[in-house]
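Participant:
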Amino acid sequence: MNWLFWSLLAALFAGLTAIFAKLGLANIGSNLATAIRTSVVLILVWAIAAATREVVAIGTITKRNWVFLILSGLATGLSWLCYFRALQLGEASRVAPIDKLSVVFVLVFAGLFLHEPITWRSACGAGLIVGGGLLLALK
Numbered sequence: 001m002n003w004l005f006w007s008l009l010a011a012l013f014a015g016l017t018a019i020f021a022k023l024g025l026a027n028i029g030s031n032l033a034t035a036i037r038t039s040v041v042l043i044l045v046w047a048i049a050a051a052t053r054e055v056v057a058i059g060t061i062t063k064r065n066w067v068f069l070i071l072s073g074l075a076t077g078l079s080w081l082c083y084f085r086a087l088q089l090g091e092a093s094r095v096a097p098i099d100k101l102s103v104v105f106v107l108v109f110a111g112l113f114l115h116e117p118i119t120w121r122s123a124c125g126a127g128l129i130v131g132g133g134l135l136l137a138l139k
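Position 98 of the sequence shown, counted from 1, bears residue number 98 in our numbering, the numbering being contiguous throughout.
Structural data, given as structure tokens:
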């Protein structure tokens, strides 16, 4: 269950991200705030990659890896820009549940592109996520 531990930590930090971001957005533009946040992430992650010596494997990355990692980075950047703008305009307690609808998109995209099964359980779970997200966001 190593994946569960890391998933729960990711959720914890994502929750803190929303609160810290909302507080940090006071009196500045959402794009500037995203640029600052992204710079911090860039420095942190490269430092961790260097400390764990994973950077030595950079020469082994395939063209396919590069393409999909670059696309993932672009999607992340666009997501963060949209998220920070939404936080600037709305309440964190309403923005975050809608942002978490990404889980539903992951289930659909995983089924379409990764051929992961969409079972009745995952469909019901997705429905509950949509319902819960809307319930929380539409106060």
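Think of the CB as a built atom: it goes at the ideal place given N, C-alpha and C, for glycine as much as any other residue.
(1) Going by the CB atoms, is the gap between K22 and A86 shorter than 8 Å?
(2) Just list the alpha helix (DSSP H) runs in the segment 78 to 123, keeping only unbroken ones of 4 residues or longer that don't cross its boundaries, in chain order.
(3) With 16 other CB atoms within 10 Å as the buried threshold, where does T60 fall?
(4) What would DSSP say about L138, mapped onto helix, strand or coil?
(5) Can at least three beta-carbon pairs, one atom from the segment 122 to 132 and one from the segment 96 to 114, be found at a separation below 8 Å?
(6) Start and end of the alpha helix (DSSP H) containing N27?
(7) For V41 and G29, what's the separation of their Cα atoms in angstroms?
(8) If distances are taken between C-alpha atoms only, which option among S7, L32, L138 comes closest to F84?
(9) Can you tell me the Cβ-Cβ gap for L136 and P97, rounded? I've got them flagged as a contact below 8 Å.
(10) Under 8 Å between the Cβ atoms of Q88 and L9?
(11) For T76, which three-state DSSP category applies?
(12) By Cβ distance below 7 Å, which residues in the same chain neighbour E54 in space, the five residues on each side in sequence not counted?
(13) Give me the Cα-Cα distance between W80 and I36, rounded to the nearest whole angstrom.
Facilitator: According to the data block:
(1) For the purposes of this step, residue 86 is taken as the residue at position 86 of the sequence shown. For the purposes of this step, residue 22 is taken as the residue at position 22 of the sequence shown. Against a cut-off of 8 Å, the Cβ pair of K22 and A86 comes out as no contact.
(2) 92 to 99, 102 to 113
(3) As a working note, residue 60 is residue 60 in the sequence shown. The residue in question, T60, is exposed, as its Cβ has fewer than 16 Cβ neighbours within 10 Å.
(4) Along the sequence shown, one-based indexing puts residue 138 at 138. Coil at L138, not helix or strand.
(5) yes
(6) What you label residue 27 is simply residue 27 of the sequence shown in a count that begins at 1. First-last for N27: undefined, no H or E at that position.
(7) Here residue 41 corresponds to residue number 41 of the sequence shown, with the count starting at 1. Here residue 29 corresponds to residue number 29 of the sequence shown, with the count starting at 1. For V41 and G29, the distance between alpha carbons rounds to 19 Å.
(8) In the sequence shown, residue 84 corresponds to position 84, counting from 1. Ranking S7, L32, L138 by CA distance to the CA of F84 puts L32 first.
(9) For the purposes of this step, residue 136 is taken as residue 136 along the sequence shown, with counting starting at 1. For the purposes of this step, residue 97 is taken as residue 97 along the sequence shown, with counting starting at 1. Going by Cβ atoms, the distance from L136 to P97 rounds to 4 Å, so yes, they are a contact pair.
(10) Residue 88 sits at position 88 when you count from the first residue of the sequence shown. Residue 9 sits at position 9 when you count from the first residue of the sequence shown. Not a contact, by the Cβ cut-off of 8 Å.
(11) Against the sequence shown, residue 76 aligns to sequence position 76. Three-state DSSP puts T76 in a helix.
(12) One-based indexing of the sequence shown puts residue 54 at position 54. Closer than 7 Å at the Cβ level, and outside the excluded window around E54, lies no residue.
(13) The residue given as residue 80 occupies position 80 in the sequence shown. The residue given as residue 36 occupies position 36 in the sequence shown. Answer to the nearest angstrom: the Cα atoms are 11 Å apart.
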